[in-house]
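**Q** Next up is a structure, given as C-alpha cells.
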Amino acid sequence: MNIRFWLVFLTFCSLLAPLQAWGAPSPEEVVSRVQAQYDKSGGFKARFRQESRMQAATQGEKAEGLLYFQKPCRMRWQYENPPEQKKEIVADGREVWMFIPQDAVVMVYPLNKVLRSDLVMRFFSGMGELSRDFQISWNRPPQAGDNYVVDLFPRKSEPELKRLTLTINPRTYQLEKLEFTNALGEETRFAFSQMQLNMHLDPGLFTFTPPPGVQVVRENRS
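Each residue of the sequence shown is one higher than the one before, starting from 0 at the first, in numbering that gives the first Met the number 0.
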C-alpha cells in the first residue's frame with residue numbers, strides 16, 4: 000500500500016551558535032516533545048493539503064481534504080478536492096479500506112500488514128518511536144521565531160521512505176508540514192491546518208460500508 004496515504008505526526012544537527020544564542024532544544028528533544036503530544040492525544044482532526052511529484056516531473060498532483068485519527072489504529076482520510084479524484088481511506092482497527100468512487104472499487108488491506116511495512120502508520124498508531132526508527136538531524140539551523148524543520152532518515156532500509164522532513168510549530172509543537180521522499184525520488188508533501196487535538200470522535204467515522212454495486216478487492220493477509 001502506498002505510504003503517501005499515511006502520513007500523520009512527528010519531528011526535528013544544528014549549528015552550535017544559534018542554539019547557544021537563544022537556547023533552542025536539540026532535534027532529538029523536539030522529536031520527543033512532538034511525539035509525546037500526539038501520544039497523549041486520544042483523537043484529533045485536521046484539514047490537509049497534499050502534493051505529490053515524481054523526481055523528473057515539473058508539475059505534481061494536488062489534493063485536499065480532512066483527516067481524522069483516533070487511538071488505537073483508527074484513521075480516516077477524506078479526499079474532497081479535486082472532485083474528480085475524491086476518495087476515502089478508512090482504518091477501523093482491523094482493516095484498511097480505500098474507496099475510489101470513480102473506479103467503483105474498494106481495496107481492503109489487513110491492518111497488521113500495513114503496520115509491519117509502514118513507519119508512518121506505526122507512529123500514528125502509537126507503536127513507533129521516532130528516535131528508535133530514525134536518525135534525526137536539523138534540515139536547517141533553527142532561528143528564533145522560525146518553525147523547526149527536521150530530517151528523519153530510517154535506520155533500516157525502507158523502499159517507500161528515504162527521508163521524512165517535518166515542519167513543527169515551536170510554540171505548540173504541532174506538526175504543520177510533512178514531506179517524504181522514496182527511493183525512486185517521488186516526493187509527497189502534506190500541509191496541515193485547523194488541527195484540533197484531544198478529541199473524542201464519532202466511532203462511525205472509522206467504519207466503512209461499501210456502497211451497492213462496488214467491487215471489493217481484498218489483499219492477501221499473509
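Virtual Cβ for every residue (Gly too), placed ideally from N, Cα, C.
Could you tell me the alpha carbon to alpha carbon distance between Phe43 and Arg73, rounded to whole angstroms?
**A** As a position in the sequence shown, residue 43 is number 44, starting the count at 1. As a position in the sequence shown, residue 73 is number 74, starting the count at 1. Answer to the nearest angstrom: the Cα atoms are 11 Å apart.
**Q** Please list the segments of the beta strand (DSSP E) lying wholly inside the region 48 to 114, counting only runs of 3 or more residues, in order along the chain.
**A** Listed in chain order, the complete beta strand (DSSP E) runs (minimum 3 residues) inside the region 48 to 114 are 60 to 69, 73 to 80, 86 to 91, 94 to 99 and 104 to 109.
**Q** What's the gap between the Cα of Gln77 and the Cα of Glu63?
**A** Looking up residue 77 in the sequence shown gives position 78. Looking up residue 63 in the sequence shown gives position 64. Those two C-alpha atoms are separated by around 8 Å.
**Q** Can you tell me whether DSSP reads Val148 as helix, strand or coil?
**A** In the sequence shown, counting from the first residue as 1, residue 148 sits at position 149. Three-state result, Val148: strand.
**Q** Taking all protein chains shown into account, decide if Asp247 is buried (16 or more other Cβ within 10 angstroms of its Cβ) or exposed.
**A** Outside the displayed span of the chain (0 to 221) sits residue 247, for which this structure offers no information.
**Q** Which complete beta strand (DSSP E) runs does the region 137 to 189 hold, if anything under 3 residues is left out?
**A** With a minimum length of 3 residues, the continuous beta strand (DSSP E) runs that stay inside the region 137 to 189 are 147 to 153, 162 to 167 and 174 to 180.
**Q** For the ligand NAD, any of its heavy atoms closer than 6 Å to the Cβ of Leu110?
**A** Ligands are entirely absent from the displayed structure, and the ligand NAD is therefore not among its contents.
**Q** Following the continuous alpha helix (DSSP H) through Val216, name the residue where it begins and the one where it ends.
**A** Position 217 of the sequence shown, counted from the start, is the residue given in the question as residue 216. Where Val216 is concerned, there is no enclosing alpha helix (DSSP H), although the beta strand (DSSP E) it sits in stretches over Gln214 to Arg217.
**Q** If you count every other CB in all the chains shown that lies within 10 Å of the CB of Gln49, and 16 or more means buried, which is it?
**A** In the sequence shown, residue 49 corresponds to position 50, counting from 1. By the 10 Å Cβ count, Gln49 comes out buried.
**Q** In three-state terms, what does DSSP make of Ser31?
**A** Mapped onto the sequence shown, residue 31 falls at position 32. Residue state, collapsed to three classes: helix.
**Q** When we look at the beta-carbon of Pro231 and count the other beta-carbons within 10 Å, is it buried (16 or more) or exposed?
**A** Because the chain is modelled from 0 through 221, residue 231 falls outside the range shown and cannot be assessed.
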